[in-house]
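Engineer:
2 protein chains.
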Amino acid sequence: MKPLERTRSLVAGLTGYTAAPAGADCFFMSRALDLAWQGAGRTEPNPLVGAVVVRDGVVVGEGYHRRCGESHAETIALDVAGTLAAGATLYASLEPCAHHGRTPPCTDRIIESGVRRVVIPALDPDERVFGMGIARLRGHGIHVESGCLEEAAIATNLGYYMRQLGIESSVTLKMAVTLDGRIASAPGRRDNVTGEASIHYAHQLRANHDAVLIGVGTAIADSPSLDCRLHPSERSPVPVVLDSRLRLPVENRWTAEGRPFIVITGPGADAARRSALERNGGRVLECGSSEDGSVDVGEAVRLLAGEGMRRILVEGGARVFSSFLSAGKWDAILAFVSPKLYGETGVPMYARREPVEPEMVAVDALRFGDDFLHRYLNRRTYAEIERRLARTDA
Amino acid sequence: MKPLERTRSLVAGLTGYTAAPAGADCFFMSRALDLAWQGAGRTEPNPLVGAVVVRDGVVVGEGYHRRCGESHAETIALDVAGTLAAGATLYASLEPCAHHGRTPPCTDRIIESGVRRVVIPALDPDERVFGMGIARLRGHGIHVESGCLEEAAIATNLGYYMRQLGIESSVTLKMAVTLDGRIASAPGRRDNVTGEASIHYAHQLRANHDAVLIGVGTAIADSPSLDCRLHPSERSPVPVVLDSRLRLPVENRWTAEGRPFIVITGPGADAARRSALERNGGRVLECGSSEDGSVDVGEAVRLLAGEGMRRILVEGGARVFSSFLSAGKWDAILAFVSPKLYGETGVPMYARREPVEPEMVAVDALRFGDDFLHRYLNRRTYAEIERRLARTDA
Numbered sequence: 001m002k003p004l005e006r007t008r009s010l011v012a013g014l015t016g017y018t019a020a021p022a023g024a025d026c027f028f029m030s031r032a033l034d035l036a037w038q039g040a041g042r043t044e045p046n047p048l049v050g051a052v053v054v055r056d057g058v059v060v061g062e063g064y065h066r067r068c069g070e071s072h073a074e075t076i077a078l079d080v081a082g083t084l085a086a087g088a089t090l091y092a093s094l095e096p097c098a099h100h101g102r103t104p105p106c107t108d109r110i111i112e113s114g115v116r117r118v119v120i121p122a123l124d125p126d127e128r129v130f131g132m133g134i135a136r137l138r139g140h141g142i143h144v145e146s147g148c149l150e151e152a153a154i155a156t157n158l159g160y161y162m163r164q165l166g167i168e169s170s171v172t173l174k175m176a177v178t179l180d181g182r183i184a185s186a187p188g189r190r191d192n193v194t195g196e197a198s199i200h201y202a203h204q205l206r207a208n209h210d211a212v213l214i215g216v217g218t219a220i221a222d223s224p225s226l227d228c229r230l231h232p233s234e235r236s237p238v239p240v241v242l243d244s245r246l247r248l249p250v251e252n253r254w255t256a257e258g259r260p261f262i263v264i265t266g267p268g269a270d271a272a273r274r275s276a277l278e279r280n281g282g283r284v285l286e287c288g289s290s291e292d293g294s295v296d297v298g299e300a301v302r303l304l305a306g307e308g309m310r311r312i313l314v315e316g317g318a319r320v321f322s323s324f325l326s327a328g329k330w331d332a333i334l335a336f337v338s339p340k341l342y343g344e345t346g347v348p349m350y351a352r353r354e355p356v357e358p359e360m361v362a363v364d365a366l367r368f369g370d371d372f373l374h375r376y377l378n379r380r381t382y383a384e385i386e387r388r389l390a391r392t393d394a
Numbered sequence: 395m396k397p398l399e400r401t402r403s404l405v406a407g408l409t410g411y412t413a414a415p416a417g418a419d420c421f422f423m424s425r426a427l428d429l430a431w432q433g434a435g436r437t438e439p440n441p442l443v444g445a446v447v448v449r450d451g452v453v454v455g456e457g458y459h460r461r462c463g464e465s466h467a468e469t470i471a472l473d474v475a476g477t478l479a480a481g482a483t484l485y486a487s488l489e490p491c492a493h494h495g496r497t498p499p500c501t502d503r504i505i506e507s508g509v510r511r512v513v514i515p516a517l518d519p520d521e522r523v524f525g526m527g528i529a530r531l532r533g534h535g536i537h538v539e540s541g542c543l544e545e546a547a548i549a550t551n552l553g554y555y556m557r558q559l560g561i562e563s564s565v566t567l568k569m570a571v572t573l574d575g576r577i578a579s580a581p582g583r584r585d586n587v588t589g590e591a592s593i594h595y596a597h598q599l600r601a602n603h604d605a606v607l608i609g610v611g612t613a614i615a616d617s618p619s620l621d622c623r624l625h626p627s628e629r630s631p632v633p634v635v636l637d638s639r640l641r642l643p644v645e646n647r648w649t650a651e652g653r654p655f656i657v658i659t660g661p662g663a664d665a666a667r668r669s670a671l672e673r674n675g676g677r678v679l680e681c682g683s684s685e686d687g688s689v690d691v692g693e694a695v696r697l698l699a700g701e702g703m704r705r706i707l708v709e710g711g712a713r714v715f716s717s718f719l720s721a722g723k724w725d726a727i728l729a730f731v732s733p734k735l736y737g738e739t740g741v742p743m744y745a746r747r748e749p750v751e752p753e754m755v756a757v758d759a760l761r762f763g764d765d766f767l768h769r770y771l772n773r774r775t776y777a778e779i780e781r782r783l784a785r786t787d788a
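Those protein sequence lines, which keep their order, are chains C and B.
Residue 263 in the numbering used here sits at position 263 of the first sequence; the count goes up by one each step and never skips.
Residue 484 in the numbering used here sits at position 90 of the second sequence; the count goes up by one each step and never skips.
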């Protein structure tokens, strides 16, 4: 089963000058990944999965995994396709399962449907599936291709891949910047940098994470809810504040809402403030400092993993982004870029003087209204996931 | 023939959360637009056109217009497809011509091929085609759909659309910025902000313009060639320098290369320097000033049109971009965004204090290596083109 075939990533494959005349596979796979995303916040511990059945270039069935315990995406899409599935191609955003879990194996349903070809982005890292889904399909004469939009699939289910592959935590930096790289039009101002469609998507993103982390400056200036009210999620992530000197107000938005939250502080934080925060529902974790006196973000991430929060979404502000970027402590960057220019009084997204070229792999750019969302993976993280996905490929 | 059907623009249609389950039309149209682009700099006065023939979801023929006087894209693609064209769909990035020009009408070739369906982004604004290509195809029972990736098609052939529709000039701002909105890592430094693939594409862009305009600061600091040496073009655009006080060295890169260039200066420029520049092959145009003492960019564009330079590519630096943006004197913005952070010592792309929200329509984002190219159209320009394209739609 090696080497896995590779398709060019979405945007390059579709429109980049250098693109080879790819087939339409990546088009339908991107549709499957779109569908997958609709389940954000409701499928855990399962990953997000979408599926599309295509016959003679026409979509005849679609589906996504709606909720843990309910039907898998492939089954829904094949049900919609009915007899049209015979001879068709199935695009699944994850390797179909070959085992009996809460639902019967998808591979059996696929074999029975008469599908002739199955396209997936990558193997399912779950030990109960890993390669066995493909093997079973191939054993029944179905042509299987893996590697189509692999980066996009990993970016969509980053936390799932990392957990299944035994990597402790995933850290995603989510930022909203203007085309001139500003996150606000002036210090202390709270602007809607991006449009409605981007904000909606950002709420889905939160639903797909365990913790949403911000700096105390942002917490004080914006008092954000950090919930996912625009998306019908079954859960909201836990708000986490990096706050080396415990400046967060003891009465705050989350205490008012009776919502648990976490404060990560530095050594020697004021004991009285700490007790007061804890009385109000906050959990205070003490963490070492980095050289510049700010919280050591690597240790902060480990502390959160210890609390069961492994999928961490970092939402700013500039100082916090800069800390994670400088420390190289991030796995994905999601940057919404809006068509505005805030000019020189605007707050820069990256607040340090020294230039950095983070080891970013560009995955794709999605459009939301007039904003673009750039998705990047950390080159090291991606290489590590690939290495682990390939470990039994011999 | 109205209203024209509309397909969602590329990136949203493919991957945005809000996307409807579009067909694969936009996938194949984006391929046709990719192909079209290969002819940059060689097709004039013809536009860039690409074509793809698809049967049962599989590409069976492709082509692009290589050079004025040679075969049209549709003919090349249909030749490749041969008998497979019967019953297939043809994606053409411009309405097929119905008249005898340097080559026979494409509509005849399409009708003869047995193609069943033709998809185009928009009508060809050329009076000899405008609507007649579609009408002739429909008269022969071929199903024609217009509106697929219209914005992307206009962005690709902006100068052509504007000229054919009687709009004097097109101004495209082309910038290369880091994710934190910087065009250089420090004042006076010349950095390769973007990667190789982006630079290559930028040379194709130049080949598709009549003039490349920069500010005198950039001309002095970088001494750029502004040619398109990385792309086999038949022509290079004319370098134009905005230089209100004639600071451009009398001996410069272009004089050394024996290449003509234009300097646009303000009122009362030094007569001796002016003569010296003109003796060295420069053409000096005098232009009014705007309020802040810089060259009036609107008048500069009109002066260039008077010299036959109607497709103007503005390449910076920050002050020049800011002038065009503040004056609203632009039709398209092409922003390459690279995965780097230059930090606070970097040179901002937008050098003014006041925030602006330019009336930008996001078209799509193309990936070049790890860079993304955002393509935007000016909302007013786009509305005006649409209005003129629709003028005989009754």
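Here a beta-carbon is modelled for each residue, glycine too, at the ideal position from N, C-alpha and C.
Under the three-state reduction of DSSP, which class applies to H594(B): helix, strand or coil?
Structural biologist: Numbered from 1 along the second sequence, position 200 holds the residue referred to as residue 594(B). In the structure shown, H594(B) sits in a helix (DSSP, three-state: H, G or I).
Engineer: With a threshold of 8 Å between beta carbons, is A365(C) in contact with chain B?
Structural biologist: As a working note, residue 365(C) is residue 365 in the first sequence. By this cut-off, A365(C) is an interface position.
Engineer: Could you work out which residues of chain B lie near G346(C), taking near to mean beta carbons separated by less than 8 Å?
Structural biologist: Residue numbering aside, residue 346(C) sits at position 346 when the first sequence is read from its first letter. Correct list: P749.
Engineer: By the three-class DSSP mapping on this structure, what secondary structure does L767(B) have?
Structural biologist: In the second sequence, the residue the question calls residue 767(B) occupies position 373. Strand, per DSSP.
Engineer: Buried or exposed, going by whether 16 or more other CB atoms sit within 10 Å of the CB of R522(B)?
Structural biologist: For this step, residue 522(B) is matched to residue 128 along the second sequence. With fewer than 16 Cβ atoms within 10 Å of its Cβ, R522(B) is classed as exposed.
Engineer: Starting from the beta carbon of H603(B), find every residue of chain C whose beta carbon is closer than 7 Å, and list them in chain order.
Structural biologist: As a first step, residue 603(B) is located in the second sequence; it is residue number 209 there, counting from the start. By Cβ distance, chain C contributes nothing, its closest Cβ being about 16 Å from H603(B), past 7 Å.
Engineer: Within the same chain, show all residues whose beta-carbon is closer than 6 Å to that of T255(C), passing over the 5 residues directly before and after it, in chain order.
Structural biologist: For the purposes of this step, residue 255(C) is identified with residue 255 of the first sequence, where counting begins at 1. Correct list, in chain order: N280 and G281.
Engineer: Look at the alpha carbon of E74(C) and the alpha carbon of R388(C), and state the distance between them as a whole number of angstroms.
Structural biologist: Translated into positions along the first sequence, residue 74(C) becomes position 74. Translated into positions along the first sequence, residue 388(C) becomes position 388. Each residue's Cα considered, the two are about 25 Å apart.
Engineer: Classify P21(C): buried if its beta carbon has 16 or more other beta carbons within 10 angstroms, exposed otherwise.
Structural biologist: Taking the first sequence and counting its residues from 1, one reaches residue 21(C) at position 21. Because the pLDDT at P21(C) is just 33, under 50, the model does not fix this residue reliably, and the point stays unresolved.
Engineer: Straight-line CA distance for R117(C) to L84(C)?
Structural biologist: Here residue 117(C) refers to the residue found at position 117 of the first sequence. Here residue 84(C) refers to the residue found at position 84 of the first sequence. Each residue's alpha carbon lies about 13 Å from the other.
Engineer: Where do the N-terminal and C-terminal ends of the beta strand (DSSP E) with D758(B) fall, by residue?
Structural biologist: Position 364 of the second sequence holds residue 758(B). Taken as a continuous stretch (DSSP letters only), the beta strand (DSSP E) holding D758(B) covers M754 to F762.
Engineer: Excluding the 5 residues flanking R705(B) on each side, which residues of the same chain have their C-beta closer than 6 Å to its C-beta?
Structural biologist: One-based indexing of the second sequence puts residue 705(B) at position 311. Closer than 6 Å at the Cβ level, and outside the excluded window around R705(B), lie G553, S564, H603 and D604.
Engineer: Give a yes or no on whether 8 Å exceeds the smallest Cβ distance from M29(C) to chain B.
Structural biologist: On the first sequence, residue 29(C) is found 29 positions in, with the first residue counted as 1. Chain B contact via Cβ: absent.
Engineer: What residues from chain D crowd round F336(C), counting only those whose CB sits closer than 8 Å?
Structural biologist: Going by chain labels, chain D is absent from the structure shown, which instead holds the protein chains C and B.
Engineer: Chain C beta carbons: is any one of them nearer than 8 Å to that of R557(B)?
Structural biologist: Position 163 of the second sequence, counted from the start, is the residue given in the question as residue 557(B). Closer than 8 Å: no.
Engineer: Measuring CB to CB, does H374(C) end up less than 8 Å from V320(C)?
Structural biologist: Along the first sequence, read from residue 1 onward, the residue named residue 374(C) stands at position 374. Along the first sequence, read from residue 1 onward, the residue named residue 320(C) stands at position 320. No, these two residues do not count as a Cβ contact at 8 Å.
Engineer: Is there a C-beta anywhere in chain B that falls below 8 Å from the one on P47(C)?
Structural biologist: If you number the first sequence from 1, residue 47(C) lands on position 47. Not one chain B Cβ lies under 8 Å of P47(C).
Engineer: When you compare the CB of F766(B) with every CB in chain C, is at least one pair closer than 8 Å?
Structural biologist: For the purposes of this step, residue 766(B) is taken as the residue at position 372 of the second sequence. F766(B) counts as touching chain C.
Engineer: How about T194(C) and D364(C): do their beta carbons lie closer than 8 Å?
Structural biologist: Taking the first sequence and counting its residues from 1, the one referred to as residue 194(C) is at position 194. Taking the first sequence and counting its residues from 1, the one referred to as residue 364(C) is at position 364. No, Cβ-Cβ distance for T194(C) and D364(C) is not below 8 Å.
Engineer: Where do the ends of the beta strand (DSSP E) carrying L728(B) lie?
Structural biologist: By one-based count along the second sequence, residue 728(B) stands at place 334. Residues A726 to S732.
Engineer: Alpha carbon to alpha carbon, what distance is there between F655(B) and A614(B)?
Structural biologist: Position 220 of the second sequence, counting from 1, holds the residue named residue 614(B). Position 261 of the second sequence, counting from 1, holds the residue named residue 655(B). This sequence places Ile at residue 614(B); Ala is not what is there. In a straight line, the C-alpha of I614(B) is about 14 Å away from that of F655(B).
Engineer: Looking only at its chain, what residues have a beta carbon closer than 7 Å to the beta carbon of E672(B), apart from the 5 residues adjacent to it on each side?
Structural biologist: Here the question's residue 672(B) lines up with position 278 in the second sequence. So the qualifying residues of the chain are V678.
Engineer: Bridge partners for F261(C) per DSSP, in chain order?
Structural biologist: By one-based count along the first sequence, residue 261(C) stands at place 261. According to DSSP, which records beta bridges pairwise, F261(C) is partnered with G282(C).
Engineer: On a CA-only basis, which of S630(B), A426(B) and A601(B) is nearest A546(B)? Give me that one, please.
Structural biologist: Residue 546(B) sits at position 152 when you count from the first residue of the second sequence. Minimum Cα distance to A546(B) is reached at A426(B).
Engineer: Along the chain, which unbroken stretches of the beta strand (DSSP E) at least 3 residues long are found entirely within the segment 486–522 of chain B?
Structural biologist: 511–514
Engineer: Shorter than 8 Å from the beta carbon of A383(C) to some beta carbon of chain B?
Structural biologist: Mapped onto the first sequence, residue 383(C) falls at position 383. A383(C) does not count as touching chain B.
Engineer: What first and last residue would you give for the beta strand (DSSP E) that runs through R183(C)?
Structural biologist: Counted from its first residue, the first sequence places residue 183(C) at position 183. Per the sequence shown, the amino acid found at residue 183(C) is Ile instead of Arg. It spans R182 to A184 - the beta strand (DSSP E) in which I183(C) sits, taken as one unbroken run.
Engineer: Span of the beta strand (DSSP E) holding Y64(C)?
Structural biologist: Working through the first sequence from its first residue, we reach residue 64(C) at position 64. That run of the beta strand (DSSP E) goes V58 to Y64.
Engineer: Relative to the alpha-carbon of V53(C), which residue among Y91(C), M349(C), L35(C) and R66(C) has its alpha-carbon at the smallest distance?
Structural biologist: Reading the first sequence from its first residue, position 53 is the one you call residue 53(C). Closest option to V53(C), Cα to Cα, is Y91(C).
Engineer: How big is the Cα-Cα spacing for R532(B) and E506(B)?
Structural biologist: In the second sequence, the residue the question calls residue 532(B) occupies position 138. In the second sequence, the residue the question calls residue 506(B) occupies position 112. Rounded to whole angstroms, R532(B) to E506(B) spans 13 Å at the Cα level.
Engineer: Let me confirm a value: D420(C) is counted as buried when at least 16 other C-beta atoms fall within 10 Å, else exposed. Which label applies?
Structural biologist: The structure shown has nothing for residue 420(C), since chain C only spans 1 to 394.
Engineer: Measuring only from the beta carbon, is F524(B) closer than 7 Å to any heavy atom that is part of the ligand PLP?
Structural biologist: The ligand PLP is not part of the structure shown, which contains no ligands of any sort.
Engineer: Report the option in V610(B), H625(B), L620(B) and V632(B) whose CA atom is closest to the CA atom of V644(B).
Structural biologist: By 1-based counting over the second sequence, the position of residue 644(B) is 250. The option with the nearest alpha carbon to V644(B) is V610(B).
Engineer: From V238(C) to V212(C), what distance separates their C-alpha atoms?
Structural biologist: On the first sequence, position 238 is the one that residue 238(C) refers to. On the first sequence, position 212 is the one that residue 212(C) refers to. Looking at the two C-alpha atoms, the distance is approximately 6 Å.
Engineer: Under 8 Å, do A122(C) and E150(C) count as touching if we go by C-beta distance?
Structural biologist: Within the first sequence, the letter at position 122 stands for residue 122(C). Within the first sequence, the letter at position 150 stands for residue 150(C). Closer than 8 Å, so yes.
Engineer: What residue does the beta strand (DSSP E) around M569(B) start on, and which one ends it?
Structural biologist: Taking the second sequence and counting its residues from 1, the one referred to as residue 569(B) is at position 175. Element bounds for M569(B): S564 to T572.
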